[in-house]
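Here the structure comes first, spelled out in structure tokens, and everything after it is commentary.
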Amino acid sequence: MTQMPDYSALTQTDLTNCDREPIHQLGRVQSWACLIALSHDWIVQHHSANAARMLGLAAEDLLGLPLADLLPVQTKQLIRAHLTRLSLDQQTVRLFGLEIGRRGVLFDVAAHAYKHGFILEFEIKKSHNHASDLAVVQPLIQKLSTMRDVPQMASSAAESLRRLTGFARVMVYQFSPDGSGKVIAEALAPGMSGYLGLRFPGSDIPKQARALYKRSLLRLIGNVDDAGSEILPAQNPMGEPLDLSLSVSRSVSPIHLEYLRNMGVQASMSVSILNQGELWGLIACHHPEPLIMDYEKRTSVELFGQLFAYELARAETMIENESALRAQETHNRIMALVSATSEWAENFSDIARQIEDLIQFDGIALYSDGKLLTQGTTPTEEQFYRLARYLNTASGSRVYATDHLSKGFPEAATYQEDCAGLLALPISRRPRDYLVLFRREIAKSVTWAGNPEKPVEHGPNGDRLSPRKSFEAWREEVHGHCAPWAAGELRAAEALRGTLLEVVLKLTDQAEKERKQAQERQALLISELNHRVRNILNLIRSIMKQSSSGAETLSEFTVALDGRINALARAHDQLTRDQFAPIPLAELIEVEANAFGLGNKSRLDFRGQNIVITAEAFTPLALVFHELVTNSVKYGALHAPSGRVEIGITEEPDGTWTIDWHERGGPVVRAPTRRGFGSTVIEKTIPHELKGAAEVRYNSAGVEARFSLPANIVITHHPFDGNPEINMQDETSPASGEPWVGGPALVLEDTMIVALDLAGMLEDMGADEVRTAASVAEALSILKDGFVPKLAVLDVNLGEETSLPVAEHLAAQGVPIVLASGYDANEAGIDAYPEAELMRKPYTTGDLSDVLTKMGFLRN
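Numbering (my numbering), first residue to last: 1416 to 2275.
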């Protein structure tokens, strides 16, 4: 009597019991076949108890007999010819319609190699219609080849196999990543119950069974009540049972037989569906009565299964290719959204829409460079920062997906209704940044074909996880889960991650480029500032000297000096301000000329067209003409009393504009021996900033320069009428009327010299008492002591504070206020102040006079 496996030894009664059942060493074959195991030298080592009877052999005990004594010569030679070419990893050899021993009876033979020799299995041939079965397979596969939808293909395959095999129920069963499976298609005979849409736990097909399904693609169980035929002897001399892993007639596990009986099944057949060597699913066939299908027909069914698997792989490849194409289109659209100056925030909504066309989500978050952007249903900012730390430990450098976030990150249970699962795409290395897609919880109803957590029961083979007794749908409500992330979505996410890494690199490169340009601009600005400060200091010395030599009184000297310094300040304002309207080029040059006290219009001779330039062109042109005027005053035509500059502006046929600068009547010009910063500005600024051209010639009669400007920097133009009416009057001309304070005044200024100078101006304009303060506290102290000024002049910025509290105190008392600042009105921050007049720094007596006149402080 063959010893059956000791199931009582499986003492651990959990879901691993079925995984540890030795289903490949059951020691029996099904009774519709017999088995002979041979050594490598063709001697019988094992045989099934029914072998001699089924094959019609004279000897009952076959052990130790050579194969030549059992089979006809031609049959033996045919089998040996095929077996000698087999190796352990090759599939079974099929031989159909062979004569063995019984007269008029033909057998189908399955032969395969195992480590100790060869195994032959024989079954009586029942039909001779193999050619017609193969003819049926071809049109069935051809029909599948026209389909692209996997469920549709599965449904067609199930119906085709039901007609081909005669089984009453044929199901296509697809495995999930967690090992469970779902019936995605079925074909039923009348009266058969269905399982479409039901999910079967992974424990229903144990690990070793899955491994055998990958090696042997078809498995037939003809009758669940078949006791089978035992293999003799049960073990070889080394104590090993015969390995039946590739046996086509291997007997069936008692656990599985009990499982099938509970389903009301008497016969079953399974066909493996492999995709790239892995078990994609099974075609499961059931019948309520015993059904034994001959080997040739089973071979046709196996062929159908292989071709079906091929067509499935083709369809899935097409779907993947389409997904890859969509991913590439998404890549192109996202890259198009990221312009050369873009940041994430500018295009985040558009990028989110593009991603949603590829992967469905309920919320999206982008965490980059310490900044968080969100859209849709996402965790709060505080919750996300803690989640990001978890992702740093969970995701590595690849896409991380979970449909049950709270399982690995328990804190997420507090917001799992909104964010039950996520798909995280790392888009940088250090610090790690992420694009995260969230999905809401679905009250996920999974319809199981029985309770997946099988109860431990005392079965016929001892304590184990007994097969379920009822196959009514058992519903499990799974909370904290979102819809699973499909394999195609994960592949799309990997492709998308590459796109986002490219975007990050692009934005990083652009930011680095902008930082570098900003540093270069800052360096140029500092150099220019230093250069201009030195020039201004030199100019002030020259102006003071020229003003003193031409003035007959101290008063005349003071007025002339104030006016020229004020002109310099206005020229500097034009150079550095960043908000200005387009102006005529002639006015730009006039401001520079006024800075040197060149009030005689005949010193500048404008000809041709008076052009109005764009705001963007103002700063570079102001730089160039400041240097030209400065050099001319120092060394050229404007240095001599009778010297002049001719400035011609003409439009060329191609739309560009030419500016000619010709100096006449000055001293003899010599080319500079070294190139200074000013020369660089003249020669390089217009080509670099405006994409124009510049040429400077140092002729002995005078410097000549020619500049070419692109058409796009000129807004409009009109001819000069003789010489343009540019304002080259002395900026210190007295205003109409006589300004007069006529009472006490308050000065709040943190620079002592400026405060004393301003106090003197106010006294000259009729202030009978001027009190000065250097801080807000000091000014408020003066005012609270009972001092009520008729006028107050307040500096806006006082080091680390502003004068706003003093202004508000004065406004409450109705005191008129003048605000002094070096900024424009829109830059000084005076919009927070009470109503006041603004006086720009540096200011002169004339500026103060104009402000007082405007405010109505006039002598009665």
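Note that the Cβ used here is the ideal one computed from N, Cα and C, for glycine as well.
Assumed close pair residue i, residue j - CB separation to whole angstroms, cut-off 8 angstroms
| i | j | result |
| --- | --- | --- |
| Q1445 | A1452 | The pair is not a contact, with the Cβ atoms about 16 angstroms apart (cut-off 8 angstroms). |
| A1907 | D1818 | 16 angstroms between Cβ atoms; not a contact. |
| L1480 | A1474 | 7 angstroms |
| L1632 | Q1721 | 7 angstroms |
| V2156 | G2181 | 5 angstroms |
| L2253 | H2224 | Not quite, the Cβ-Cβ distance comes to about 19 angstroms (not below 8 angstroms), so this is no contact. |
| A1569 | R1584 | Between R1584 and A1569 the Cβ distance is about 14 angstroms, and since that is not below 8 angstroms, they are no contact. |
| L1694 | R1625 | 6 angstroms |
| R1577 | T1714 | So it is not a contact: roughly 18 angstroms between Cβ atoms. |
| S1821 | Q1831 | 5 angstroms |
Under 8 angstroms between C-beta atoms of residue i and residue j
| i | j | result |
| --- | --- | --- |
| A2227 | A2251 | no |
| L2173 | A2207 | no |
| F1763 | Y1782 | no |
| L1478 | A1466 | no |
| L1441 | S1668 | yes |
| L1838 | W1900 | yes |
| G2081 | A2120 | no |
| E2184 | I2097 | no |
| P2154 | F2272 | yes |
| P2068 | V2027 | no |
| E1904 | I1774 | yes |
| L2003 | A2037 | yes |
| P2035 | L2105 | yes |
DSSP three-state assignment for residue i, whether helix, strand or coil
| i | result |
| --- | --- |
| G1778 | strand |
| E1655 | coil |
| L1706 | coil |
| E2104 | helix |
| G1532 | strand |
| N1465 | coil |
| P2134 | strand |
| F2033 | helix |
| A1649 | coil |
| S1738 | helix |
| Q1831 | coil |
| V2044 | helix |
| T2259 | coil |
| Y1628 | helix |
| I1458 | strand |
| T1789 | strand |
Whole-angstrom distance between residue j and residue i, CA atom to CA atom
| i | j | result |
| --- | --- | --- |
| I1534 | S1591 | 35 angstroms |
| F2021 | T1968 | 35 angstroms |
| D1593 | L1613 | 15 angstroms |
| G1823 | G1596 | 24 angstroms |
| S1560 | E1574 | 15 angstroms |
| K1406 | E1726 | In this structure the chain extends from 1416 to 2275, so residue 1406 is not present and cannot be described. |
| G1865 | G1519 | 49 angstroms |
| P1621 | L1787 | 46 angstroms |
| T2268 | E2066 | 45 angstroms |
| E1796 | L1911 | 24 angstroms |
| K2256 | G2237 | 5 angstroms |
| A2170 | L2053 | 36 angstroms |
| S2190 | A2235 | 15 angstroms |
| V2006 | V2060 | 15 angstroms |
| L1555 | A1572 | 8 angstroms |
| A2108 | P1999 | 20 angstroms |
| A1525 | V1551 | 23 angstroms |
| C1700 | V1716 | 11 angstroms |
| T2147 | V2048 | The predicted position of T2147 is uncertain, since its pLDDT is 39 and thus under 50; no value can be drawn from it. |
Beta-bridge pairing of residue i - partner residues as DSSP gives them
| i | result |
| --- | --- |
| K1597 | Q1589 and R1614 |
| M1684 | L1635 and C1700 |
| T2217 | N2212 |
| P1999 | V2027 |
| Y1849 | Y1782 and P1841 |
| I2074 | I2064 and F2122 |
| R1509 | A1525 |
| G1836 | R1854 |
| D2020 | E2061 |
| L1603 | R1584 |
Any C-beta of chain C under 8 angstroms from that of residue i
| i | result |
| --- | --- |
| R1855 | In the displayed structure, chain C is absent; only one protein chain is listed. |
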